[in-house]
Structures are given as structure tokens and as C-alpha cells.
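Enquirer:
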Amino acid sequence: MAKLENLKTNLSLPYAKIHPSIDPEGDPNSYSLEKFRLYETRARYYLIGSDRNKKFFRVLKIDRSEPSDLNISEDPVLYSPQEIKNLLQRIAEGNRATGGLNFVAKVFGIVGCIKFLESYYLILVTKRQQIGSICGHAIYSIDESQLITVPHVSVQSDIAHSKTELRYKKLLSSVDLTKDFFYSYTYPIMQSLQKNVLAMGEERMPYDNIFVWNAYLTQAIRSRCSNTIWTIALVHGHFKQIRLSIFGRDFSVTLVSRRSRHFAGTRYLKRGVNDRGRVANDVETEQIILDEEAGSCKGKMSSVVQMRGSIPLFWSQEASRFSPKPDIILQRYDPTYQATKLHFEDLAKRYGNPIIVLNLIKTVEKRPREMMLRREFAHAVGYLNAILSEENQLKFIHWDFHKFAKSKSANVLAVLGAVASEALDLTCFYYSGKPSLVKKRANQLNRTSTGRDASLRDLRGKSGDLVKIGSGSENSNSLTSREREGDLSQQIKTDNCDGDPPRFQSGVLRTNCIDCLDRTNVAQYAYGLAALGRQLHAMGLTDKPKVDPDSSIAAALMDMYQSMGDALAQQYGGSAAHNTVFPERQGKWKATTQSREFLKSIKRYYSNAYTDGEKQDAINLFLGYFQPQEGKPALWELDSDYYLHVSGTGDDLFPDKCVEDNVKPLRVVGKILAPIPSCREDFSRMKLTSFDKLIERTCSSIKN
Numbered sequence: 001m002a003k004l005e006n007l008k009t010n011l012s013l014p015y016a017k018i019h020p021s022i023d024p025e026g027d028p029n030s031y032s033l034e035k036f037r038l039y040e041t042r043a044r045y046y047l048i049g050s051d052r053n054k055k056f057f058r059v060l061k062i063d064r065s066e067p068s069d070l071n072i073s074e075d076p077v078l079y080s081p082q083e084i085k086n087l088l089q090r091i092a093e094g095n096r097a098t099g100g101l102n103f104v105a106k107v108f109g110i111v112g113c114i115k116f117l118e119s120y121y122l123i124l125v126t127k128r129q130q131i132g133s134i135c136g137h138a139i140y141s142i143d144e145s146q147l148i149t150v151p152h153v154s155v156q157s158d159i160a161h162s163k164t165e166l167r168y169k170k171l172l173s174s175v176d177l178t179k180d181f182f183y184s185y186t187y188p189i190m191q192s193l194q195k196n197v198l199a200m201g202e203e204r205m206p207y208d209n210i211f212v213w214n215a216y217l218t219q220a221i222r223s224r225c226s227n228t229i230w231t232i233a234l235v236h237g238h239f240k241q242i243r244l245s246i247f248g249r250d251f252s253v254t255l256v257s258r259r260s261r262h263f264a265g266t267r268y269l270k271r272g273v274n275d276r277g278r279v280a281n282d283v284e285t286e287q288i289i290l291d292e293e294a295g296s297c298k299g300k301m302s303s304v305v306q307m308r309g310s311i312p313l314f315w316s317q318e319a320s321r322f323s324p325k326p327d328i329i330l331q332r333y334d335p336t337y338q339a340t341k342l343h344f345e346d347l348a349k350r351y352g353n354p355i356i357v358l359n360l361i362k363t364v365e366k367r368p369r370e371m372m373l374r375r376e377f378a379h380a381v382g383y384l385n386a387i388l389s390e391e392n393q394l395k396f397i398h399w400d401f402h403k404f405a406k407s408k409s410a411n412v413l414a415v416l417g418a419v420a421s422e423a424l425d426l427t428c429f430y431y432s433g434k435p436s437l438v439k440k441r442a443n444q445l446n447r448t449s450t451g452r453d454a455s456l457r458d459l460r461g462k463s464g465d466l467v468k469i470g471s472g473s474e475n476s477n478s479l480t481s482r483e484r485e486g487d488l489s490q491q492i493k494t495d496n497c498d499g500d501p502p503r504f505q506s507g508v509l510r511t512n513c514i515d516c517l518d519r520t521n522v523a524q525y526a527y528g529l530a531a532l533g534r535q536l537h538a539m540g541l542t543d544k545p546k547v548d549p550d551s552s553i554a555a556a557l558m559d560m561y562q563s564m565g566d567a568l569a570q571q572y573g574g575s576a577a578h579n580t581v582f583p584e585r586q587g588k589w590k591a592t593t594q595s596r597e598f599l600k601s602i603k604r605y606y607s608n609a610y611t612d613g614e615k616q617d618a619i620n621l622f623l624g625y626f627q628p629q630e631g632k633p634a635l636w637e638l639d640s641d642y643y644l645h646v647s648g649t650g651d652d653l654f655p656d657k658c659v660e661d662n663v664k665p666l667r668v669v670g671k672i673l674a675p676i677p678s679c680r681e682d683f684s685r686m687k688l689t690s691f692d693k694l695i696e697r698t699c700s701s702i703k704n
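Counting from 1, position 567 in the sequence shown corresponds to residue 567 in UniProt numbering; the numbering is continuous, with no gaps.
(1) Would A555 be called buried (16 or more neighbouring beta carbons within 10 Å of its own) or exposed?
(2) In the structure shown, what three-state DSSP assignment does F314 receive?
(3) Give me the Cα-Cα distance between L568 and L416, rounded to the nearest whole angstrom.
(4) For Y333, count the other beta carbons within 10 Å of its own beta carbon; 16 or more makes it buried, fewer makes it exposed. Which is it?
(5) Would T228 pass as a contact of G109 if the rule is Cβ separation under 8 angstroms?
(6) Let me know the alpha helix (DSSP H) ranges lying completely inside the segment 323-373, each 4 residues or longer, listed in chain order.
(7) Give the straight-line distance between the Cα atoms of L638 and R96, rounded to the nearest whole angstrom.
(8) Roughly how many whole angstroms lie between the Cα atoms of D543 and I289?
(9) Taking P628 as the reference, which of F401, A160, Q306, Y383 has the closest Cα?
(10) Could you pull the DSSP bridge partners for I288 from this structure?
(11) For the candidate residues S226, G528, H379, whose alpha-carbon lies nearest to that of D549?
(12) If I follow the unbroken beta strand (DSSP E) through Q241, where does it start and stop?
(13) Considering only DSSP beta bridges, list what N512 is partnered with.
(14) So, helix, strand or coil for T181, using DSSP?
(15) Taking the alpha-carbon of E630 as reference, which of A233, L117, G433 has the nearest alpha-carbon?
(16) Can you give me the start and stop residues for the alpha helix (DSSP H) that E83 sits inside?
(17) Which residues mark the beginning and the end of the alpha helix (DSSP H) in which L552 is found?
(18) Quick one: grab the DSSP three-state call for D425.
(19) Does the count of Cβ pairs from the segment 202-212 and the segment 163-174 closer than 8 angstroms reach three?
(20) Quick check on E390: does DSSP put it in helix, strand or coil?
(21) Candidates E390, V412, K366: which alpha carbon is nearest D400's?
(22) By DSSP's criteria, A105 is part of a beta bridge. Which residues make up the other side?
(23) Name the residue from Q505, Q393, G433 whose alpha carbon lies nearest to the alpha carbon of D425.
(24) Would you mind giving the Cβ-Cβ distance between K309 and D282, rounded to the nearest angstrom? I have them listed as a contact below 8 angstroms.
(25) Would you tell me roughly how many angstroms separate the C-alpha atoms of E284 and L373, rounded to the nearest one?
(26) F57 by DSSP, collapsed to three states: which one?
(27) Suppose contacts are defined by Cβ-Cβ distances below 8 angstroms. Is L217 in contact with I62 by that definition?
(28) Beta-carbon of G624 versus every beta-carbon of chain B: anything under 8 angstroms?
(29) Would the beta-carbon of Y79 fall within 8 angstroms of that of F56?
(30) With three or more beta-carbon pairs closer than 8 angstroms as the criterion, would you say the segment 383-393 touches the segment 336-353?
(31) For a quick check, are the C-beta atoms of E286 and S303 less than 8 angstroms apart?
(32) Using beta-carbon positions only, say whether H137 and T178 come within less than 8 angstroms of one another.
(33) Just to confirm the assignment, what range does the beta strand (DSSP E) spanning I142 have?
(34) Buried or exposed: L147, going by 16 or more other Cβ atoms within 10 Å of its Cβ?
(35) Go through its chain and collect everything with a Cβ distance to S184's Cβ below 6 angstroms, but skip five positions before and after it.
(36) When DSSP builds the beta bridges, which residues end up paired with T231?
Okay, structure coming up:
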């Protein structure tokens, strides 16, 4: 009973600002190191870390006398500014005979360390830029990074200077950390706002999250120090934040796209699904709305999540220098669609049910390419729905985007907006609510004070007055994550019956075309616009749960989704996104648009045919899917990297918690049936008035 009371107290204000601790001595894990200075002697590197305001300091020592081992030791002492100054003077005096103590670089965090054939290297952030904030927590991008060799030159062998070693260094350096990587010291940006609010027992940055790209690179440092205060957790994708105003009331719109590190790579080299159910181009997109007081007692916040990912079948396309549109090859036939099943089980684990699948590929072609995948995907969904219990069944919508867009009277965004609206009715979205009873806080803690690991606790606290609620293991043993979210949201609704109750998202809209770039981006904007209307209405900023598609707010949101689409297309496809819908809405001249699309096609073709191989090698090296070994083939000598992504270290870094541990096992109803054909027709605009009618029209054979 006491525990339930604690839960109510802790979660009655899910929009409380994270209030980092300012008492590092009281809790040694309750602070954040944000500024560092790197010094060197002949025998060691000394990394001096401090909080943002340089009130206290910690020391990390890295041995330089071993040519191929990483020896790191963390000094447990918390130093004052004067004490750290005295310590550095003593180190300088003690090493005067061997060259003294030299300043190397000003640093803002460790991205990780890596070893190729002999030496270890440190990857350090040397310049950063703030690109936004969430509830007072700064979000940064990287402006400059540096690769530093750990062993002193006097102990390095010839291997450290070999051509192979230098090529690996060059390959790693080709991963541009200054483009589309972002991080925060105090906010788990790799997780959605709803997940951060509802997460319990987590007191450190969750590096095992699929959206943390340097999980492998930081593992050695984190395991040796038993904390995460020295490293930063990098997310790859896109981050954009703008401030808008409605009738004098300010709010911010934040768009966060997170690319999964699993089965990651480039367009023609990573297609479909692998044996573990990981799909290529798996990107989660979160749209966050924060009012001007978000994070405080009075503030409100909302977020909605959608995702994209390659069609979860075994298929590929061979990049060709002679054909800009290579044939689509269904590599193998899996009669039980096991990998597809694993993929959708993973989505249910991540987002809950229902899973709504919006498939935008072509239905009819003179030369069958996309239509083969459409047919097989429909068979897969039909087969899975035949063996799934009714509450777990997939909602499958197929709509030929290109066919409809060719019509002169077509309003693509209106159709997609109708689909989005019905999808939102099924999944809802996260809204913090505004409880009727709010406990006033006597002393507001300074939001610029330090705090990394403890800040994860305080996000769930009530205006900073945290009541500790047991360990993560206790919570996971008593309730699965999905059950817990449901129980907590129900409890909060009960407690807020006379206030403005919170809402929670359960389920997700999963959109795909062939590349999950161009058509998908238009559909995701339509979903974002429909969600924005509901979010603003819930927060009391508008009277209607809908945003006028011709308004300036809709135009600003379109710019954000266009920017996101270009970034994701550049990462996966090698050029900005192809798009004719957005330019038409923006009133751009058609001839100019056509010439730009032609140039994008040329750029994408060149990238896919000539540079993607090396880009894929760099990704495999960065993520730890390939680890070089003396006497074994080099990364660039491999015929294929497929096995790396199925059994490689990058995927085994954090063994998967079984789906059964986190979500109720999917119950099989009746006997297993043969694949069922479905989606024989596209739906027309007239049939989009009701989601049930839409499902009936497109997926009747799946439902029946």
C-alpha cells in the first residue's frame, strides 16, 4: 500500500522538470561532468572532468605504457578547484624529468575508444553547439571531434603505422560526427518523452537502447568506471526545434528522428529484414510540443511517436552502374514468415498495440518490381493475422501513392491526413495533463546545476520532490513494462478526475515505401500535422483539434519534416529526399522543382553505385559489427557483411531481453493457416471516411 502511495506521489506530475542534484557528495552518481581538459605525460593521459559551473572536479587516468591494452582508472576523490590545481602542479613536478605535464585539448565528452590491430584510440568531442532543449535540458550537436592515439609513440610497434592500420583510421574518420549526431548530458534523448516519464528504476543513461550509436565504442570505459559520467550517448538521425506562438502564447515544436543501430547501412546494401527481425532504415520519429512553462508545475507537454522501416521480408537490390533502378530480388521464401513475425513482436514490445502498417508501394507496374513485394507483404500480414489473437492483429493499409498522385485532382495530403486521423484514434498520444492538486515547492533548484544520472530519476519526481520507489528489478518483477504503463496511466486518470487527465500512446503507425524516404516522408508529415492539431488542443492552445493545412504553423511544420526527410535520405540514400508534394504546397515553380529532382536522382545514383560500399564499411566499424584482427581478412576484403549483422558483436553487445519478458506472449488462435492473399484493390478517397471501412476495403481477407 505504501508503495502504491509512493507511485501516486511520484507520477502525479509527469511533466515535472528534471531537477539535477547539486550535492555530488551526498550521491556520487547524481551529477554530470560536462567540461573536460586533457593533459599528457609520457606515462599517462589525465582527463580532468568538471560540472558545468566548474565547482568540483574528477580525474580519469589512462595508461600509455601498454601498446595494445587499455588500462583506465578513475580517481574516486571529488576535488575542489584549488585542490585540482594543486594536483596538476604535483603531477607536473613529478614528471619533469620525462617532459612534464602538457595540455592536449579542451574536451566536452568521450565518444568512445576503439582498437584496430594494435593501439587503442580515444574519440573526443572538442567543440559542441547547443541545438535545443527539452524541459530545460540542453541538447547538443558536435562541431569538432578528435582521434587521439593512447600508447606513447615510444612503445608502439610497426603494426601501429602499417597501411592496414592507417586505412582503418581513415575509414573510421569518414563517419562524420558533425552531421546528424546529437546528445544530452542530462536528458535521455534516445527515448521518447512518454518513456522517460514512465520509466522507473533507471538511474543512468540507457546505452543498451537501440538508438545509441556509440554503445560499442563506450562499453570499455563504462564497464571499467562502472558509471556513465565520462561518456556521452550519441543518437544518429535528426533534431530540429522551433518556437511558435498562438494568440501570444509561446510553445516549442521539436522533431526528433532516431535511427536504429541494428541492421544499419546504406540504401542498396541494407534492404528488408534480417534473421533477427531487424529491418533496414528503422527510424523512430517523435514530435514534442512544450509550452513556455513545460517542466514546471504549471507547464504542459505532449509527444507523439511514429516510425518507418524497410518492408520486413528477405529482399534486396543489386547496386548497378548501368541501371539506376535495379531489379528487386526476393532472396528467399519463408513460409512461416518467422523474421517478419519477430519484427512485429519487437514493435509491440517497443510501442504496444495496435501496430498500424501503412504500405505506400505500387500496385500495378508494366515490369513487376514493387508489386511483387506488395503481394508478398500482404501474404505475410495475412498469415500472421490468422495466427494472432484479435487484440494483437496488425492493422494493414495498402495505398498506391504514385497511382493516386498522378490524378490531376488528387489531394495526397488530404487522403493521408484521413488515415493519420484514424490511426491517432487507435493509438492516442502522450499528454502530461494538469492535475487539480499540485504540491508547491519551496525551493526551486537551479536548472543549470549539474546532474546526469540522478536527473533520470528526477524526471519522474514531483516538481523535484522525489520519493524513491524501489529498484528497477523490483518493478520489472512485479509488472511488465506495458502492464505497468497501463496501470500507472489508469491510476493517474483516477487521481486527476477533477483535473485535466494525462493521456498515453499505445501502439504506433509504421509507414513504408520502397526506400522509406520520399513517399514515407510525405505520409509522416500528414501524420505529424494531424497529431499537432490534437496536441495543441489538448494543451489548451487551440479551440479545435485540427490545424488548417494552409496556416503558417502547418507551413513551419512542413519545413521541419522536409528538413528531416532530406537528412534521413542523405544518410541512407546519398541525396536529399525526392518530393513534389511539398514544393507544390509551397507554391514553387514546377520547372525548378523538376530540375532539382533530376539532380537529386543523379546524386543518389552516383552515391549508390560508387561510394556506398565504403560508407557501409565505416558504419560496420563504428558500430562494432566488425572488429579487426591480425591475420584475418580486412573489412574491405569481405564478400558480404550480412553475417556480421546477424551474429556480429554489434547486435550481441546487449543480449536481447526476450520479448516474453516485456510483453505478453502473442496467443495463437486456432490452427496455423496457409498464407492468405489480401489487398487486391487500392481504396479510393471516398472510402476514407471511416477506419473500419478502410480496413474492410483494403484488408477484408486478412480480417476474415
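Think of the CB as a built atom: it goes at the ideal place given N, C-alpha and C, for glycine as much as any other residue.
In this text the structure is predicted, and so the values were computed from the model without any measurement.
Expert: Per the coordinate set shown:
(1) It is exposed - the Cβ of A555 has fewer than 16 other Cβ atoms within 10 Å.
(2) Reduced to three states, the DSSP call for F314 is coil.
(3) Each residue's Cα considered, the two are about 21 angstroms apart.
(4) With fewer than 16 other CB atoms across the displayed protein chains lying within 10 angstroms of its CB, Y333 is exposed.
(5) No, they are not a contact pair.
(6) Entirely contained in the segment 323-373, the alpha helix (DSSP H) runs reaching 4 residues are, in chain order, 338-351.
(7) Approximately 48 angstroms, taken between the alpha carbons.
(8) So the two alpha carbons sit approximately 16 angstroms from each other.
(9) Ranking the options by Cα distance to P628, first place goes to A160.
(10) For I288, which the question treats as bridged, DSSP gives the partners T254, S303.
(11) Position check: residue 549 holds Pro in this sequence, whereas Asp was assumed. Nearest to P549 by alpha-carbon distance, out of S226, G528, H379, is G528.
(12) Its beta strand (DSSP E) spans residues 235-246.
(13) N359.
(14) A quick correction: the sequence has Phe, not Thr, at residue 181. In the three-state DSSP reduction, F181 falls in the strand class (E or B).
(15) Scanning A233, L117, G433 for the CA closest to the CA of E630 turns up L117.
(16) According to the DSSP assignment, E83 belongs to the alpha helix (DSSP H) that extends over 81-94.
(17) The sequence given here has Ser at residue 552, not Leu. Counted as a single uninterrupted DSSP element, the alpha helix (DSSP H) harbouring S552 occupies residues 552-573.
(18) Three-state DSSP puts D425 in a helix.
(19) At 8 angstroms Cβ cutoff, the stretches do not touch.
(20) Looking at E390 - three-state DSSP - the assignment turns out to be helix.
(21) The option with the nearest alpha carbon to D400 is V412.
(22) Answer by DSSP bridge pairing, in chain order: L38.
(23) For D425, the closest alpha carbon among the candidates Q505, Q393, G433 is that of Q505.
(24) With the sequence shown as reference, residue 309 is identified as Gly, and Lys is not the correct amino acid for it. Yes, they are in contact, since the Cβ atoms of G309 and D282 sit about 4 angstroms apart, within 8 angstroms.
(25) Each residue's CA atom was taken as its position, placing E284 and L373 some 23 angstroms apart.
(26) Residue state, collapsed to three classes: strand.
(27) Contact: no.
(28) The chain inventory of the structure shown lacks chain B, comprising one protein chain alone.
(29) Yes, these two residues count as a Cβ contact at 8 angstroms.
(30) The count of Cβ pairs closer than 8 angstroms, one atom from the segment 383-393 and one from the segment 336-353, reaches three, so the stretches are in contact.
(31) In this structure, S303 lies closer than 8 angstroms to E286 by Cβ.
(32) Cβ distance not < 8 angstroms, so H137 and T178 don't count as in contact.
(33) First-last of the beta strand (DSSP E) with I142: 137-149.
(34) The residue in question, L147, is exposed, as its Cβ has fewer than 16 Cβ neighbours within 10 Å.
(35) Annotation for S184: H137, I139 place their beta carbon closer than 6 angstroms to its own, counting only its chain and skipping 5 residues before and after.
(36) Answer is I110.
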